[in-house]
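Take a look at the structure set out below.
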Amino acid sequence: MESLTQGDSVKVPTRGFSPASIVLLAGLVLFAAVVGMQLAARNSTQPTSGPAPDFELTTFDGGKVRLSDLRGRVVVVNFWASWCGPCRDEAPVLQNLWEQYREQGVMLIGVDYADVESDALAFIQEFGITYPNGPDLGTRISEDYHIQGVPETFVIDQEGNVAQFVIAPIQSGQLEPTIDRLLAREETVSS
0 MESLTQGDSV
10 KVPTRGFSPA
20 SIVLLAGLVL
30 FAAVVGMQLA
40 ARNSTQPTSG
50 PAPDFELTTF
60 DGGKVRLSDL
70 RGRVVVVNFW
80 ASWCGPCRDE
90 APVLQNLWEQ
100 YREQGVMLIG
110 VDYADVESDA
120 LAFIQEFGIT
130 YPNGPDLGTR
140 ISEDYHIQGV
150 PETFVIDQEG
160 NVAQFVIAPI
170 QSGQLEPTID
180 RLLAREETVS
190 S
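If you're matching positions, the sequence shown starts at 0 in numbering that gives the first Met the number 0 and goes up one per residue.
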C-alpha cells in the first residue's frame, strides 16, 4: 500500500447524478405527467351528467334494448362482470331494485363487461337476475361511457340525461332517492 505525503491529491468518489441519470429521471417525470393528464382527461369525459350516450344492447336471450327507445322512462344502466367481486355484492341489491320499481316503469339494464358468456350466464342464474342483460361486444358501450372499471352504474332520467353516477357497488337504498325524485317529477308533469 502506498503512503500519502502532504501535497498528494486523493480522488474521493462523489455521489452525484450523472448526466445520463438526470436525463432518464427527467424523462420519467415527463412520462408520468403525460399519463396523468391523459387519465384526467379521460375521467373528465365520463358522462356524470348531461345526455347519456345512446346504445343498443343484444341481450343474452337474443332480445334488443336501445336506450333511446326508453325515453320517458327512468333507466338504470349497470356495468358488471362475473369475475368482479364487488359486482357479486351488488347483484342481489340490483335485482331487488328491479323488483321494486319495474311496475312503475323503471328499466334496469345490465351491461356485461369483458366477460366470458358462460361465466356471465352462470352469474345471472346464481343471483336469479331477471332484468335484461347482455354482453358489451367489443366494449363499444363501455368506451362510450368511459368506464374505468366495474361495477359502475348510471341512473338516466326520462329525457335521457344522467341523473346519478356511482363508481362502486350499489348499496341498498343508494339509488332509490334519485329514482323516487325522478318518478315524482314525472307525476308532477303528468298532473
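Backbone N, C-alpha and C define an ideal beta-carbon position, used for all residues, glycine too.
Among the options, which one has its Cα closest to the Cα of residue i?
| i | options | result |
| --- | --- | --- |
| ARG101 | ALA90, VAL74, ALA80 | VAL74 |
| LEU93 | GLN103, CYS83, LEU69, LEU107 | LEU107 |
| ALA90 | ASP68, GLU98, LEU69, ILE128 | ILE128 |
| GLY105 | PHE153, THR47, ASP53, PRO18 | Rather than Gly, the amino acid found at residue 105 in this sequence is Val. The shortest C-alpha separation from VAL105 is found at PHE153. |
| THR57 | VAL165, ARG70, GLY133 | GLY133 |
| GLN157 | SER17, GLY15, SER67 | SER67 |
| PRO150 | GLU186, SER17, PHE164, ASN160 | PHE164 |
| LEU174 | ILE155, ALA113, ARG139 | ILE155 |
| GLY159 | LEU181, GLU186, PHE126 | LEU181 |
| ARG87 | THR187, GLU125, TRP97, ASP179 | GLU125 |
| GLN99 | CYS83, LEU69, ASP179 | ASP179 |
| GLY84 | PRO18, GLY148, PRO176 | GLY148 |
| ILE140 | GLU55, SER17, PRO18 | GLU55 |
| TYR130 | PRO176, ASN95, SER48 | ASN95 |
With which residues is residue i paired in a DSSP beta bridge?
| i | result |
| --- | --- |
| GLN163 | VAL154 |
| ASN132 | GLY109 |
| PHE78 | VAL110, GLU151 |
| GLU55 | ARG65 |
| PRO50 | ASN160 |
For residue i, count the other beta carbons within 10 Å of its own beta carbon; 16 or more makes it buried, fewer makes it exposed. Which is it?
| i | result |
| --- | --- |
| VAL110 | buried |
| VAL161 | buried |
| ALA51 | buried |
| ASP53 | exposed |
| LEU136 | exposed |
| VAL64 | buried |
| ALA39 | At ALA39, the pLDDT of 45 sits below 50, so the modelled position is not reliable and the matter cannot be decided from this model. |
| ILE21 | exposed |
| ASP60 | exposed |
| MET36 | Residue placement at MET36 is flagged as unreliable, the pLDDT there being 47, under the threshold of 50; the coordinate-derived value follows with that caveat. Exposed. |
| GLU186 | exposed |
| VAL33 | Confidence in VAL33 is poor, its pLDDT being 48 and thus under 50, which makes the residue's placement too unreliable to answer from. |
With a threshold of 8 Å, are at least 3 pairs of Cβ atoms found where one atom belongs to the stretch 105-122 and the other to the stretch 78-88? Verdict: yes, contact present.
With three or more C-beta pairs closer than 8 Å as the rule, is the stretch 168-175 touching the stretch 138-145? no
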